[in-house]
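Under my numbering, the first residue of the sequence shown carries the number 5, and numbering increases by one thereafter.
Contents: one structure, followed by commentary.
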Amino acid sequence: GTDYKFLLHVPCVGMDRTSAPTDEASRQHELARVAEAQLLARASPDAPVVIDNFVELDRGYFNCRGLVDKLYNPNDGSRIVTALNSLLPGRIGNLTGYESDGGRVLQAECDDARFALVTAHNASPSTRQCDRLPDAMADGKCIMIELINGEETDTSLRKVITDRAGADASQSPVLLLLDT
């Protein structure tokens, strides 16, 4: 009864003094936050989402990445927002999260589709919690869409997690269209 509404604010991670703005892990973390915010916005369509910074800033000591650069050319974050806006329905439900060795998995569904977003995570290997993915979801066939470049590949969620866990560098978020 307070008439207050909540707002999802996704701040730029480039403002962190401990990470350089060109640090690849920080970049992947920021891309994961943008992709996850898009899913949360679809799960709660009445909540506004603010991704801060929209435009890349250079304020001397603190360079802040944005969805677009200083000349308004799209950065990878902008490509992820565009891809998810075109691939996802306006409203999703049953949002479930899992942590695995290959990254964070957010699974959701709508009336006629199930999908999973796989992003990098920042937890160190010693502190990661490895929830078991449901076998039916993990072993089923799916189409993986690279959100930055739009490439599509036939695969399974278990293969994607295994490949990402074995990779030396963190990888950009991908969307998996799961068989229903």
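Even glycine gets a Cβ: it sits at the ideal position worked out from N, Cα and C.
These figures come from a predicted structure and were not determined experimentally.
Looking at L44, A29, E34 and F10, the one whose alpha-carbon comes closest to that of L110 is L44.
Judged by DSSP in its simplified three-state form, I152 adopts coil rather than helix or strand. By the criterion of at least three beta-carbon pairs nearer than 8 Å, the segment 83-94 is in contact with the segment 36-54.
Counting the other CB atoms within 10 Å of its CB gives A171 a total below 16, which places it among the exposed residues. V14 has its alpha-carbon roughly 19 Å from the corresponding atom of E28. The continuous stretches of beta strand (DSSP E) do not include N89, which lies in the alpha helix (DSSP H) extending over residues D80 to L91. An exposed status is given to P78, since fewer than 16 other beta-carbon atoms sit within 10 Å of its beta-carbon.
Of the other Cβ atoms in all chains shown, 16 or more fall within 10 Å of the Cβ of L161; this residue is therefore buried. As far as DSSP is concerned, C114 takes part in no beta bridge.
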